[in-house]
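Asks: To start, I am sharing the structure in question, which I have written as structure tokens.
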Amino acid sequence: MEKIPHPITSVRPRMREPYSKNFRRLYLLVQTFLWSSMAILALLFVHSVYELMEVNVRLKNMPYNAQEILDQCRQLKIPAGPPSDFHKRTTSDRFEAGTPPTLIRNATIWTGRVSGFEVVRGDILIDQGLIQAIGDIEPSYLNGFTGLFTVDANGAWVTPGVVDMHSHLGVGSAPDFEGSDDVNSLKGLALPWLRSLDGLNTHDDSYQLSISGGLTTANILPGSANAIGGQAFPIKLRPTHERSTSSMLLEPPFTINGTRVDPSLPPRWRQMKHACGENPSRVYAGTRMDTQWAFREAYDTARKVKEEQDTYCEKASAGEWKDLGPFPENLQWEALVDVLRGRVKVHNHCYEAVDLDGMVRLTNEFKFSLAAFHHAHETYLVPDLLKKAYGKTPGIALFATNGRYKREAYRGSEFAPRILTDNGFQVVMKSDHSVLNSRHLIHEAQQAHFYGLASNLALASVTTTPATILGMDHRIGFIKTGYDADIVIWDSHPLALGAAPQQVFIDGIAQLRDPHVTPKPAHAQKAPETPNFDEEARRAVEYDGLPPLTHQSLGPQAIFFTNVGHVHMCGKDGEIAQILSDERKSGHVLVKDGKVVCVGSGDSICSRTAKAETESLRVKFIDLHGGSIAPALTSFGSPLGLQEIEQEPSTEDGSVIDPLTKNVPEIVGGDGSLIRAVDGLQYSSRDAQLAYRAGVTAGISSPMSSGFLSGLGTAFSTGVFHKLSPGAVLQEETAVHVTIGAFTKPSVSTQIGLLRRLLNGEGSGALGEAFGMIVKGELPLVINVDSADIMATLIKLKQELESNNRNHIHFTFVGGSEAHILAKEIGAAGIGVILRPVRPFPYTWKSRRILPGPPLTKDNAVTTLLRHNVTVGIGIEESWSARNIRFDAGWVALEAGEDNVSYEQALALASTNLEKLLGLKNGNSDLVAVAHGDFLSFEGKPTAIISESRNTVDLL
């Protein structure tokens, strides 16, 4: 029988075994957990002790100014610019206490917004140095402003203040004194530690003059003698209550006597000047290779300082203070280090493609950006190269027509601004004051517009664009709420010829006391309808900056000009008169053999004569589209015809030997020698050809001289190709030219003493013969003189001679900056005056007492002299400006008003008057046919030259 297990004994063993194993497992787990926890706690304790020890070590090594260092390191990474809450300000940092709030009413406001296309008609409220409101301003809002001063603009154009991005105002002061030039340092090629601020003279006569032209802000640059000339500073031009240089600063980038900035704020933009090419090479007798090495060496030094700072800051941020030492700084190189950190606007004087290429390579080697290339005459030829520059594409700062004064500027083009903007570049027009008088910076924008730059971009080129490139577009360059109250009220559209301010506000303060405003014609209240220069711009690039300037000569062929608006011609008495004024602009002029046969309108005798000519021979018809025909102009005052490139001696005739300072060799006549300009004439220069194409067909030049005696002047045609061409020399000898007072050695009294001896017949040789003719009244004496005191002595000398010899002696004063002071006496003495330049500037002590004209004075020198029956001409200083004489003459008429200077008188200033004053006996008989507008305006484009003396019509 099967044995049955005992219930207890059979079950207990099966239950006891599993219970024992689980218990042991749980026990082991608990034990493991406890031991592990104790180990972890021990490790944590050890680690904490270690950390405490490490912190103690760090605290022991941490410098007392650790937080300052950390703030400084953190600040290095903050980009430059205004604080984020800048536009929340309610008062300008430049506000002058006591300045009343001002409301400008009924204005046509060009704001600079919407790419320069926004025009608002309404009011502008300014207070606390800021623009508070624009447009339709509720009267209730105005109730909150006590003492409100109201200006009625009567619909006038209002723009932001003019900004000059390239100026040496204050560091190259006017008048110029010995030791007053703080533009260039000669202490080395790379000097980033220098600051234009340290040479800024508050007594420069230019400030008020430039303000009167609408200029409110200028970037004051060091010169271009160095590869790195130093740091630049934008300033406001108004005089401050403090009367100090520092108080003129627009927005200091740091404390003036240090380089630290507030660590709680972003750093403000800094500015720096670089220069490449001929200037540094010439000054330091080096080469482009030397200059480029100076750049690379300087930037390599700055790079090393930057890397030391970055490494230092990495350690400081990690708390590795042991043996870290002070923050690595170098006062000489800190500005260049900031360039590498992208916190400096670098302004680069650079002309030619070779130098532009070198600078583009430099930016990529050291990873920094350029704010703009300045002068930049060849930039329009290499736009793709410029776009390869590191970072943001540089802006381009240009002259409008100033060029060919050096080899680097020889390929410059008046079409560069429009070509560059067509290629997407920001273009700025600048003055390089006092190379160009920054009072007339708006004229650079006007000329750029004339040659094709769109009107919105032309206005922006002297307002919003330079403000933006300077990094100051958060406060200037626009008319926007919260911006600085820098505002110009113009008497005409700012792009119209002769536009001048009626009032200028800087920081909300009116700058012109009792301004004089000349009423402008209605057509001046809109932007000029300028000619089409598309083909000329295309050819400028096609021919690498040197397009052919030849013209097509039609010879004796009959030409019938149609749709002529008005015609002016010179009569037998030498006076210019209008002989046709057709309001329908449907007049016509028949020319044959280079001579005007008839002028008429509608179905006139002239029209019937033209039809008869058409039947008998081939007639060419030229449509002037409502344009005009006027006497051609004459250039005087520059070495036109005697030089091709001003700063290249190999391209010019050279200077004569002055007998007052050097012994003249006997082989050339000794002290009795008299040099003739006709013997040194050079034809087909680009400036002469451009002048011809602008309707300036004659030039009168005297031998180049830097002393008392120049020589015999000559008259020549600007449009012929060599001296043996028919009509090349209009008159071999015109007048004797001397200079008195433009130099200090020998004395002025010595110069006048010599002149007296020569006029009293004590000269010898050709010089003595010429002065004998002067005393007989057979040859004019042209005296380059500015000082009224010297003029007074010369007037007495003339009176003495005429009393003794009973002959009228022909004196002409050239320069004439102070001639207005003696206008009555000059008129009574029968002396003529050629104003050179026509828009005066106080260059020297002897030319400082200028009559600036509106808006500073009611009269200018031209109107004052004309009022006293003085024969007045206008001259130029440099050959490149010969092409602009037509605009100079038109500007005079607009500034004076038609009641004071008529259109005919304006033409005479640059034609018949010059010919009389300089001894051109037969005059310049050429005429200019102008399409679309009149000769002295921005609307007209010279199309043909009608030359009776050469029996031809030249198509331009």
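Those letters in the sequence shown? Residues 1 to 956, by the UniProt record's numbering.
For each residue, glycine too, the CB sits at the ideal point set by N, CA and C.
1) With distance defined between alpha-carbon atoms, name the residue in 792, 559, 752 nearest to residue 588.
2) Roughly how many angstroms lie between the CA atoms of residue 481 and residue 89, to the nearest whole one?
3) With distances taken Cα to Cα, identify the nearest neighbour of residue 535 among 528, 547, 527, 207.
4) Below 7 Å CB to CB, which residues in the same chain sit around residue 607 once its five sequence neighbours on both sides are set aside?
5) Among 933, 854, 815, 626, which has the Cα closest to the Cα of residue 638?
6) With a floor of 4 residues, list each alpha helix (DSSP H) that falls wholly inside the segment 743-779, ordered by position along the chain.
7) By DSSP, does residue 310 sit in helix, in strand, or in coil?
8) What is the residue span of the beta strand (DSSP E) that residue 595 lies within?
9) Name the two residues that bound the continuous beta strand (DSSP E) containing residue 474.
10) So, does the segment 481-494 touch the segment 398-417, judging by three or more C-beta pairs under 8 Å?
11) Helix, strand or coil for residue 363 per DSSP?
12) Using 8 Å as the Cβ pair cut-off and three pairs as the minimum, do the segment 860-877 and the segment 378-398 touch?
13) Beta-carbon within less than 6 Å of residue 505's beta-carbon, same chain only, minus the 5 sequence neighbours each way: which residues are those?
14) Starting from residue 285, trace the beta strand (DSSP E) both ways and give me its first and last residue.
15) Any idea what DSSP makes of residue 784, helix, strand or coil?
16) Go ahead and pull the three-state DSSP assignment for residue 14.
17) Assuming the contact rule is C-beta atoms closer than 8 Å, residue 152 and residue 135 should be a hit. Round their C-beta distance to whole Å, please.
18) Assign residue 635 to one of three DSSP states: helix, strand, or coil.
19) Residue 799 to residue 763, Cα distance in whole Å?
20) To which residues does DSSP link residue 501 through a beta bridge?
21) By the three-class DSSP mapping on this structure, what secondary structure does residue 698 have?
22) Can you tell me the Cα-Cα spacing of residue 509 and residue 650, whole angstroms?
23) Below 8 Å between beta carbons: does that hold for residue 512 and residue 503?
24) If contacts are defined as beta-carbon pairs under 8 Å, then residue 372 and residue 428 qualify, I think. What distance do you get, rounded to the angstrom?
25) For residue 317, does the three-state DSSP call read helix, strand or coil?
26) Since residue 554 and residue 620 are thought to touch, with beta carbons under 8 Å apart, how far apart are those beta carbons, to the nearest angstrom?
27) With a threshold of 16 other CB atoms inside 10 Å of the CB of residue 661, please say whether the residue is buried or exposed.
28) Taking all protein chains shown into account, do 16 or more other C-beta atoms lie within 10 angstroms of the C-beta of residue 262, making it buried, or fewer, making it exposed?
29) Considering only DSSP beta bridges, list what residue 561 is partnered with.
30) What does DSSP give as the partner residue(s) for residue 944 in the beta ladder?
31) Closest to residue 564 by C-alpha separation, out of 556, 838, 584, would be which residue?
32) May I have a chain-ordered list of the beta strand (DSSP E) segments no shorter than 3 residues that lie completely inside the segment 142-184?
33) Any idea what DSSP makes of residue 789, helix, strand or coil?
34) What number of angstroms, rounded off, separates the C-alpha of residue 670 from the C-alpha of residue 657?
35) What's the C-alpha gap between residue 904 and residue 897?
36) So, using beta-carbon positions, are residue 561 and residue 622 closer together than 8 Å?
Replies: According to the structure data:
1) The residue given as residue 588 occupies position 588 in the sequence shown. That would be 559, whose Cα lies nearest to the Cα of residue 588.
2) As a position in the sequence shown, residue 481 is number 481, starting the count at 1. As a position in the sequence shown, residue 89 is number 89, starting the count at 1. Roughly 11 Å separates the two Cα atoms.
3) Locating residue 535 in the sequence shown gives position 535, counting from the first residue. Taking only the C-alpha atoms, the option nearest residue 535 is 547.
4) As a first step, residue 607 must be located in the sequence shown, where it is residue number 607. Same-chain partners within the cutoff: 588, 600.
5) Taking the sequence shown and counting its residues from 1, the one referred to as residue 638 is at position 638. Comparing Cα-Cα distances from residue 638 to each of 933, 854, 815, 626, the minimum goes to 815.
6) 748-759, 765-775
7) If you number the sequence shown from 1, residue 310 lands on position 310. Correct three-state label for residue 310: helix.
8) The count along the sequence shown starts at 1 and reaches residue 595 at position 595. Taken as a continuous stretch (DSSP letters only), the beta strand (DSSP E) holding residue 595 covers 595-601.
9) Mapped onto the sequence shown, residue 474 falls at position 474. Looking at the DSSP string, residue 474 is not in any beta strand (DSSP E), and its letter there is neither H nor E.
10) no
11) Within the sequence shown, the letter at position 363 stands for residue 363. In this structure, residue 363 counts as helix in the three-state DSSP scheme.
12) no
13) On the sequence shown, residue 505 is found 505 positions in, with the first residue counted as 1. 485, 487.
14) Against the sequence shown, residue 285 aligns to sequence position 285. Taken as a continuous stretch (DSSP letters only), residue 285 belongs to no beta strand (DSSP E), as it is neither H nor E.
15) Position 784 of the sequence shown holds residue 784. Looking at residue 784 - three-state DSSP - the assignment turns out to be strand.
16) Numbered from its first residue, the sequence shown carries residue 14 at position 14. Any reading at residue 14 is ruled out, since the residue's pLDDT is 39, under 50, leaving its predicted position unreliable.
17) Numbered from its first residue, the sequence shown carries residue 152 at position 152. Numbered from its first residue, the sequence shown carries residue 135 at position 135. Going by Cβ atoms, the distance from residue 152 to residue 135 rounds to 16 Å, so no, they are not a contact pair.
18) As a first step, residue 635 must be located in the sequence shown, where it is residue number 635. Of the three classes helix, strand and coil, the one that applies to residue 635 here is strand, per DSSP.
19) Here the question's residue 799 lines up with position 799 in the sequence shown. Here the question's residue 763 lines up with position 763 in the sequence shown. The alpha-carbon atoms of residue 799 and residue 763 are separated by roughly 20 Å.
20) By one-based count along the sequence shown, residue 501 stands at place 501. DSSP lists 490 as partners of residue 501.
21) Here residue 698 refers to the residue found at position 698 of the sequence shown. The answer is strand: DSSP assigns residue 698 an E or B state.
22) Sequence index remark: in the sequence shown, residue 509 carries index 509 (1-based). Sequence index remark: in the sequence shown, residue 650 carries index 650 (1-based). Going from the Cα of residue 509 to the Cα of residue 650 covers about 52 Å.
23) In the sequence shown, residue 512 corresponds to position 512, counting from 1. In the sequence shown, residue 503 corresponds to position 503, counting from 1. Yes.
24) By one-based count along the sequence shown, residue 372 stands at place 372. By one-based count along the sequence shown, residue 428 stands at place 428. Their Cβ separation, rounded to whole angstroms, is 7 Å, which keeps residue 372 and residue 428 in contact under 8 Å.
25) As a position in the sequence shown, residue 317 is number 317, starting the count at 1. Of the three classes helix, strand and coil, the one that applies to residue 317 here is helix, per DSSP.
26) Taking the first residue of the sequence shown as position 1, residue 554 is located at position 554. Taking the first residue of the sequence shown as position 1, residue 620 is located at position 620. 7 Å between Cβ atoms; contact.
27) In the sequence shown, counting from the first residue as 1, residue 661 sits at position 661. The residue is exposed, with fewer than 16 neighbouring Cβ atoms inside 10 Å.
28) For the purposes of this step, residue 262 is taken as the residue at position 262 of the sequence shown. Counting Cβ neighbours within 10 Å, residue 262 comes out exposed, since fewer than 16 surround it.
29) For the purposes of this step, residue 561 is taken as the residue at position 561 of the sequence shown. Bridge partners of residue 561: 589, 622.
30) Stepping through the sequence shown from its first residue, residue 944 is reached at position 944. Partner(s): 929, 955.
31) The sequence position of residue 564 within the sequence shown is 564, counting from 1. The shortest Cα separation from residue 564 among 556, 838, 584 belongs to 584.
32) 149-152, 157-160, 162-167
33) Along the sequence shown, read from residue 1 onward, the residue named residue 789 stands at position 789. Residue 789 falls in the helix class under three-state DSSP.
34) Here the question's residue 670 lines up with position 670 in the sequence shown. Here the question's residue 657 lines up with position 657 in the sequence shown. Cα to Cα, residue 670 sits roughly 10 Å from residue 657.
35) Position 904 of the sequence shown holds residue 904. Position 897 of the sequence shown holds residue 897. Residue 904 and residue 897: Cα-Cα distance of roughly 13 Å.
36) Start at 1 with the first residue of the sequence shown, and residue 561 comes out as number 561. Start at 1 with the first residue of the sequence shown, and residue 622 comes out as number 622. The answer is yes: Cβ separation under 8 Å.
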